[in-house]
Structures are given as structure tokens and as C-alpha cells.
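Residues 0 to 242 in numbering that gives the first Met the number 0 are what the sequence shown lists, from first letter to last.
Report on the following structure.
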Amino acid sequence: MAKSFTVKQIYEIFPTKLVGCCTFAEIFKLKFTIMSLQLGDAAPDFTAETTIGKINLYEFLGDSWGVLFSHPADFTPVCTTELGRTAQLQKEFEKRDVKVLAVSVDPLDKHHSWTKDINETQNCTVEFPLIADEDKTVANLYGMLHPNASATATVRSLFIIGPDKKIKLIILYPASTGRNFNEVLRVIDSLQLTANQGLTTPADWVLGDDLIVSPSISTEDAIKKFPKGVKVVKPYLRYTPQP
Ligand code: BEZ
Numbered sequence: 000m001a002k003s004f005t006v007k008q009i010y011e012i013f014p015t016k017l018v019g020c021c022t023f024a025e026i027f028k029l030k031f032t033i034m035s036l037q038l039g040d041a042a043p044d045f046t047a048e049t050t051i052g053k054i055n056l057y058e059f060l061g062d063s064w065g066v067l068f069s070h071p072a073d074f075t076p077v078c079t080t081e082l083g084r085t086a087q088l089q090k091e092f093e094k095r096d097v098k099v100l101a102v103s104v105d106p107l108d109k110h111h112s113w114t115k116d117i118n119e120t121q122n123c124t125v126e127f128p129l130i131a132d133e134d135k136t137v138a139n140l141y142g143m144l145h146p147n148a149s150a151t152a153t154v155r156s157l158f159i160i161g162p163d164k165k166i167k168l169i170i171l172y173p174a175s176t177g178r179n180f181n182e183v184l185r186v187i188d189s190l191q192l193t194a195n196q197g198l199t200t201p202a203d204w205v206l207g208d209d210l211i212v213s214p215s216i217s218t219e220d221a222i223k224k225f226p227k228g229v230k231v232v233k234p235y236l237r238y239t240p241q242p
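Dropping the structure here:
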């Protein structure tokens, strides 16, 4: 979706690029629009300071899946539970070959001292990197700043990135609502079943439930491919047990 930006916001996003190529008046006249990231887009690459050192996103991910999620601010209650929950689920992310990165616009020293609180209060060990996005590079690349929700803080955005570096899922939550990280894992399971086996997942699906054969697979091929059987309810609605 095209998003309009005020001149002030444009200057914050592209301070050097724009000053060199447009006058202030031209920017006013142009009514600059920037496309928000959409599913299937390439995940913007970046290099950033994090709690585990400088990271380049693409190098960090390698051939793995990725979850990049923003939180509004360090030392806040809902964020504390979210990062704690993510740390508790670290093994589940690893099982699925998913690398996790958190981001906010707070500085590195704050991230480090807050991590101690998270570990203490949430009974976990945060091992994934927290990006210190003080200059808002990552927040701007991923559209994590929503000025009408907060003038300064990132909202709760979450992106699942595939091994092809394409964006597979975007969710956006308000600051007051902690996300459901079991749902994030559920979507990852669904995405991986689609990528690896040509299967899709029905409404409210959970691991172990029957799956739906992707419309791109003929019933004849599905019967060969899924030895546990294919139940044809309609030519376009075909179920198979979880392989
Ligand atoms: C929180 O994490 O609790 C929070 C952060 C920013 C605004 C509101 C709540």
C-alpha cells in the first residue's frame, strides 16, 4: 500500500540522499510516497549493531528462515514478556531452522542491561540478538515506525523471512498487546509444509491436524505423493493426514 510521508519524516528517513537531489519545494510538490513492504518482497538487507556484535542480516540468516520483530522500547512490561517468551521458545525456533532478531531504537547499553532483567524475570536466557537501531535505519527500511501510533517508538511488527530472503509473513500489533509466539511457530510450520511438501493448512490448523493439498498438485499426483491417502471433498478441497 502506498504510504504518504510528511516532509519532516522524509528528511528523517533519507537525510543525505534527498538533500543532494531535491529542493525542499520540489519535495513539497512531489507529495512523496513510499511503498510499504509486502508479502513476496525481498527483505531489505542491513548491517547493524546488536547485543552479539555487528550483524549483516543476509549473512546472519545464511540459508535459514528468519524472524525479525520490533518492540516499542526497552524496560517496558509487555516487551519484557515478549522477549522472554521468544527466549523460552529458542529450541523450537532452532528445530525449525529459524534465526530470530529483535529490534528497537534503544541503544546497545540499554539492551544489555534490560536483557539481564528479562532473564531474571522471565526465567530464560536471551541468546538471540537485539538490534540497537538508534538511527532508525532498520525501523525505516521495514516500516516499523507508525507516526500516528507513536512519534518515536517502533510498533510491534514481525516479519518472517524465507531462505530465499523473501518476506513470507507480516504482522503488526499495537504496543499494548503482546504477540502470541506459538502462533508465529504455527505459521512457520505452515510455511515450511508449503515450501517443502506442497501442503497448505486449513483454518485453525495445529500440528498433527489434516492438511490441504495445494491446488497446484493434481489429485492423481497427490495420491502418489501422499501415501497416507487423499480425501477428496470437492475437486478443489482435498485433505491428507500429516506426513
Ligand atoms: C510495554 O511493553 O508494556 C509497552 C511499551 C510501549 C507502550 C505501551 C506498552
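Glycine included, every Cβ here is placed at the ideal spot set by N, Cα and C.
Closest Cα partner of residue i within the set the options
i, options, result
"Lys-90", "Cys-78, Thr-120, Asp-116 and Glu-126", "Glu-126"
"Phe-158", "Lys-233, Asn-147 and Ile-170", "Ile-170"
"Val-77", "Ile-216, Trp-113, Tyr-57 and Trp-64", "Trp-113"
"Leu-253", "Ser-217, Asn-118, Gly-197 and Lys-167", "Because the chain in this structure spans residues 0 to 242, residue 253 falls outside the shown range and cannot be described."
"Tyr-235", "Glu-219, Asp-44, Lys-227 and Pro-162", "Glu-219"
"Glu-133", "Asp-40, Ile-117, Phe-225 and Thr-46", "Thr-46"
"Ala-101", "Asn-122, Ile-51, Asp-116 and Asp-209", "Ile-51"
"Gly-207", "Pro-242, Phe-225, Lys-223 and Lys-224", "Pro-242"
"Cys-39", "Ala-150, Ala-152, Asn-118 and Lys-165", "The question names Cys, yet the displayed sequence has Gly at residue 39. Checking every option, the nearest Cα to that of Gly-39 belongs to Lys-165."
"Thr-75", "Asp-188, Asp-116 and Asn-181", "Asp-116"
"Ala-131", "Ala-152, Ala-148, Asp-209 and Ile-222", "Ala-152"
"Val-183", "Ala-148, Lys-224, Leu-88 and Gln-37", "Leu-88"
Close Cβ partners of residue i (< 6 angstroms) along its chain, the five nearest in sequence each way excluded
i, result
"Ala-174", "Pro-71"
"Asp-44", "Leu-56 and Tyr-57"
"Pro-201", "Ile-211"
Residue i: CB within 7 angstroms of a non-hydrogen atom of the ligand BEZ
i, result
"Ser-175", "yes"
"Cys-78", "yes"
"Pro-226", "no"
"Pro-71", "yes"
"Ala-152", "yes"
"Thr-120", "no"
"Thr-85", "no"
"Thr-114", "no"
"Thr-75", "yes"
8 angstroms contact criterion, which residue i and residue j should meet: CB distance rounded
i, j, result
"Ser-213", "Thr-199", "5 angstroms"
"Ala-42", "Ile-160", "5 angstroms"
"Phe-59", "Lys-98", "6 angstroms"
"Ser-35", "Arg-155", "16 angstroms between Cβ atoms; not a contact."
"Ser-215", "Gly-197", "7 angstroms"
"Thr-296", "Pro-128", "There is simply no residue 296 to check, as the chain begins at 0 and stops at 242 in what is shown."
7 angstroms Cβ shell around residue i - same chain, five flanking residues per side excluded
i, result
"Asp-73", "Ser-103, Asp-105, Lys-109, His-110 and Trp-113"
"Pro-162", "Asp-62, Ser-63 and Trp-64"
"Cys-21", "Residue placement at Cys-21 is flagged as unreliable, the pLDDT there being 48, under the threshold of 50; the coordinate-derived value follows with that caveat. No residues qualify anywhere along the chain."
"Gly-177", "Val-77, Thr-80 and Glu-81"
"Asn-145", "The sequence shown places His at residue 145, not Asn. Cβ within range, chain order: Val-154."
"Pro-226", "none"
Other residues of its chain near residue i: CB distance less than 8 angstroms, five sequence neighbours each side excluded
i, result
"Thr-120", "Thr-79 and Gly-83"
"Ala-24", "The pLDDT assigned to Ala-24 is 44, lower than 50, so where the model puts this residue is not dependable; a value taken from the coordinates is nonetheless given after this. Closer than 8 angstroms at the Cβ level, and outside the excluded window around Ala-24, lies no residue."
"Val-231", "Thr-218 and Arg-237"
| query | Can at least three beta-carbon pairs, one atom from the segment 178–196 and one from the segment 102–109, be found at a separation below 8 angstroms? | reply | no
| Pairing CB atoms from the segment 106–124 with CB atoms from the segment 138–153, are three or more of them under 8 angstroms? | no
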